[in-house]
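K.L.:
Sharing a structure here in structure tokens format.
Number of protein chains: 2
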Amino acid sequence: MARLNAAETQVYDRIRSAIGDRQLLPGQRLREVELCRIFDTTRGTIRKVLARLAFDGLVDHQPNRGASVAQPTVKDAADLFVARHCIERAIAREAAARIDDASAAHLRAHIDKERAAHDAGDRQRMIALSGEFHLLLAQISGNTVLRRYLADLVARESLIIQLYEKPDQGSCSHGEHAGIVEALLAGNEAALDAVIAAHIDGIASSLDLEPVHPARPSLEEVFGSR
Amino acid sequence: MARLNAAETQVYDRIRSAIGDRQLLPGQRLREVELCRIFDTTRGTIRKVLARLAFDGLVDHQPNRGASVAQPTVKDAADLFVARHCIERAIAREAAARIDDASAAHLRAHIDKERAAHDAGDRQRMIALSGEFHLLLAQISGNTVLRRYLADLVARESLIIQLYEKPDQGSCSHGEHAGIVEALLAGNEAALDAVIAAHIDGIASSLDLEPVHPARPSLEEVFGSR
DNA sequence: TAAATTTGAATTGTTAACAATTAATGCCTC
DNA sequence: GAGGCATTAATTGTTAACAATTCAAATTTA
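Taken in order, these protein sequences are the chains called A and B. Okay, so the first sequence: first residue is 7 according to this note's numbering, each after it adds one. Okay, so the second sequence: first residue is 7 according to this note's numbering, each after it adds one.
Structure representation (structure tokens):
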């Protein structure tokens, strides 16, 4: 996609993080002129940004009907976690081959931040930091393709968590993240695979992907035939 | 990205397959007005298509300097093959869980086409069919996320093959594809992993990623200090 | 009253003119 | 001639007006 210039990138980042931070909820309409006013820019800019967000899967964009924050389905969520597992596994292996003292220190510092956010009860920050941890791993792996895919998946996951998270969830992933760093440094592939799998499964199982938010039943199905 | 309408999709597909078919070579400039004339459309359409191709990694797009067919580096190629290995492995596992008689028949029919193209010596068609085989697997897997990533990787790979293929390459992948189908139906994960790994390695090793098209040495390095 | 139709406002999509940038050419100076 | 400078042409980027579409409310009709 066309490289976004400075102004476009700014708008893009703000909308994107607003989605990630749950300020913009799934289904929220995103009208062009309204966004123009808010960001003091032109419709051309907004259109480009919305187009890109749509391509990212964060926004639904239907012809002549405008854009709204995406509402991923249960199927989307399931597919995403399968993909994420395989990408994370590959990233971990590459990262294990390339990790050095400096990057290990980075990771540990990041985990400290996560712990602090957890202790402070700052849930929003915890979610953001958790995503960043994985992107940090991707950066250490040095593989730009995997990094891009992971960034894509992490962003979409935040929408999925919003839609499908079980109400009681405690989500204290920094412990698991520490385990990943240990396994990375130990260089044991099997152990690494296991801890990655457990982590992704842990995230997925904190969600209610079964029947809670099913594809909406039609009015027929609800009221019909009695 | 904004859903492309019919006219845009047509232009997009034609440019994309022209790149895949080696009609447009890496580095070829893609001027907007020229493309307008060729496809009898407006600049707006062309710009959207070029933007999307740039996002796909098939086109380089620099501000105020226009677009040209991308020239992936050796590093790009290496990263891509690592990613492709992991994606293909995941697709194969999902496909193995979902394959039925009808889809197995599809795959076999496809392999017949590949064999025919090979016997006819139609190299261009062989490359296209080989990519399609993998996309067919992705479709069988039912995972839309993995399918999209694979489509992305396959498209970019064709550029890489053009740039880095060893001159003598015989490329008769339909035999390996048949092996993949067998392993799929056998449902043996370890065997499947092995055949997938061998296949991707086979493609990668048909390339000259070492020193043939290296990062260009600076003029200093070539002429300097003697 | 309920369905169908019309109307108009709100919104998105497209286009064509204008602006800005880059690359190339010719000119002048030394 | 080589290098520097101005001019010109080619190309990309932006914008603002116009067109098309959708949605909802108001009106009509049965």
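Cβ atoms here follow ideal geometry from the backbone N, Cα and C, with glycine treated the same way. On a predicted model such as this, the values are computed, not experimentally measured, just so you know.
Which chain B residues are close to THR79 of chain A, counting only those with a beta carbon under 8 Å from its beta carbon?
P.N.:
Going along chain B, no residue has its Cβ under 8 Å from THR79 of chain A, so there is no contact; the nearest lies around 10 Å.
K.L.:
Rounded to the nearest angstrom, what separates ALA12 of chain A and GLN68 of chain B at their Cα positions?
P.N.:
Taking the straight line joining both Cα atoms gives about 14 Å.
K.L.:
When you check each C-beta in the segment 148-182 of chain B against every C-beta of chain A, which residues fall closer than 7 Å?
P.N.:
Listed in sequence order: ASN149, THR150, VAL151, LEU152 and TYR155.
K.L.:
What residue range is occupied by the uninterrupted alpha helix (DSSP H) comprising GLY50 of chain A?
P.N.:
Residues 49-62.
K.L.:
Around the C-beta of ILE146 of chain A, are 16 or more other C-beta atoms found within 10 angstroms, so that it is buried, or is it exposed?
P.N.:
Buried, by the Cβ-count rule.
K.L.:
How big is the Cα-Cα spacing for LEU36 of chain B and ALA73 of chain B?
P.N.:
Using only the alpha carbons, I get a separation of about 5 Å.
K.L.:
With a threshold of 8 Å between beta-carbons, can ASP46 of chain A be considered close to chain B, or not?
P.N.:
No, because no Cβ of chain B sits closer than 8 Å to the Cβ of ASP46 of chain A.
K.L.:
Decide yes or no for the touch test of the segment 155-174 of chain A against the segment 197-204 of chain A: beta carbon pairs closer than 8 Å, at least 3 of them.
P.N.:
No contact exists between the segment 155-174 of chain A and the segment 197-204 of chain A.
K.L.:
Under 7 Å Cβ to Cβ from LYS119 of chain B, same chain only, skipping five residues before and after it: list those, please.
P.N.:
Same-chain partners within the cutoff: LEU135.
K.L.:
According to DSSP, is ARG35 of chain A part of a helix, a strand, or is it coil?
P.N.:
Three-state result, ARG35 of chain A: strand.
K.L.:
How about the segment 97-105 of chain B and the segment 186-195 of chain B: do they share at least three Cβ pairs that are nearer than 8 Å?
P.N.:
The segment 97-105 of chain B vs the segment 186-195 of chain B: in contact.
K.L.:
For the segment 82-109 of chain A, which residues have a CB atom closer than 8 Å to at least one CB atom of chain B, in sequence order?
P.N.:
Residues ASP82, ASP85, LEU86, VAL88, ALA89, HIS91, CYS92, ILE93, ARG95, ALA96 and GLU100.
K.L.:
Is there a Cβ from chain A that is less than 8 Å from the Cβ of PHE272 of chain B?
P.N.:
The structure shown does not extend to residue 272 of chain B, since chain B spans only 7 to 232, so no value can be given for it.
K.L.:
What would DSSP say about ASP2 of chain B, mapped onto helix, strand or coil?
P.N.:
The structure shown does not extend to residue 2 of chain B, since chain B is modelled only from 7 to 232, so the question has no answer here.
K.L.:
Looking at C-beta atoms only, is the number of pairs between the segment 11-26 of chain B and the segment 34-48 of chain B that lie closer than 8 Å three or more?
P.N.:
Taking 8 Å as the limit for Cβ pairs, the verdict is that the segment 34-48 of chain B does touch the segment 11-26 of chain B.
K.L.:
Taking all protein chains shown into account, decide if SER263 of chain B is buried (16 or more other Cβ within 10 angstroms of its Cβ) or exposed.
P.N.:
Beyond the ends of chain B as shown, which are 7 and 232, falls residue 263 of chain B; an answer cannot be given.
K.L.:
Is SER211 of chain A helix, strand or coil when you go by DSSP?
P.N.:
Helix.
K.L.:
My guess is that LEU41 of chain B and ILE25 of chain B are in contact by the Cβ rule of under 8 Å, so how many angstroms apart are they, rounded?
P.N.:
Actually they do not touch by this definition, with Cβ atoms about 13 Å apart.
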